[in-house]
Amino acid sequence: MKRLILTTAVLAASLLTACAYHEYPVRPALVNHPVFITLNDPADVDECTADCDRLLATIPGVVSYYCGTPLDTGRDTVDTNYHVGLYLGFNSVEDYNAYVTHPQHVATVEKWKPRIKVLMIRDVIDETP
C-alpha cells in the first residue's frame, strides 16, 4: 500500500512538472509600456524615479513594473542616452487605457512634462498565449 501511494505521488509530481513547462518564458503582460526619459536636469533622477515608484506602480491594472537608470554594458548597439527608464505591463488594452487617464498618471505627467527634455514611449502588444 505504501508503495502504491509513493508511486502515485511520484507520477502526480511528474505530471504537474510537465504541465508547468513552457516553451518560452511566461510573458510579463499582454500590453507592455516601456518609457525612456531624458531629463532637463540629471540631478532630478532620484526624484523622478521615486515619483514613478510611488504613483505609477500603484495604479490599478498595473501587473508588472520596474523603474531605473541605464545599464552600461559596453555594447555599442544599446542606447543608454536617457536618465530614467520605466516599464509598466497590463493584462488588457482596457487596463492600459484606464491607466492613461488615471489621476495619479495624469498628475505625474503634469509634474514632470516641463522637466523632460526627451520622452520616448514604445507600446507593444504580445498576443502569444
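Quick note, the working numbering runs 15 ahead of the 1-based positions in the sequence shown. Ideal Cβ positions, reconstructed from N, Cα and C, are used throughout, including at glycine.
Alpha-carbon spacing of Y102 relative to V77, whole angstroms
Numbered from its first residue, the sequence shown carries residue 102 at position 87. Numbered from its first residue, the sequence shown carries residue 77 at position 62. C-alpha separation (whole angstroms): 10 Å.
V108 to L70, Cα distance in whole Å?
Along the sequence shown, read from residue 1 onward, the residue named residue 108 stands at position 93. Along the sequence shown, read from residue 1 onward, the residue named residue 70 stands at position 55. Distance between the alpha carbons of V108 and L70 is about 20 Å.
Hey, how far is the Cα of V46 from the Cα of A58?
Looking up residue 46 in the sequence shown gives position 31. Looking up residue 58 in the sequence shown gives position 43. So the alpha carbons of these two residues sit roughly 31 Å apart.
What's the C-alpha gap between L86 and I131?
As a working note, residue 86 is residue 71 in the sequence shown. As a working note, residue 131 is residue 116 in the sequence shown. Going by the C-alpha atoms only, they are around 20 Å apart.
Check V60 in the structure and name its three-state DSSP category.
Start at 1 with the first residue of the sequence shown, and residue 60 comes out as number 45. If DSSP states are grouped into helix, strand and coil, V60 belongs with the helices.
From the DSSP output, in three-state form, read off T22 for me.
One-based indexing of the sequence shown puts residue 22 at position 7. Residue placement at T22 is flagged as unreliable, the pLDDT there being 49, under the threshold of 50; a coordinate-derived value is accordingly withheld.
With distance defined between alpha-carbon atoms, name the residue in C63, T84 and G100 nearest to F51.
Within the sequence shown, residue 51 is the residue found at index 36, counting from 1. Minimum Cα distance to F51 is reached at G100.
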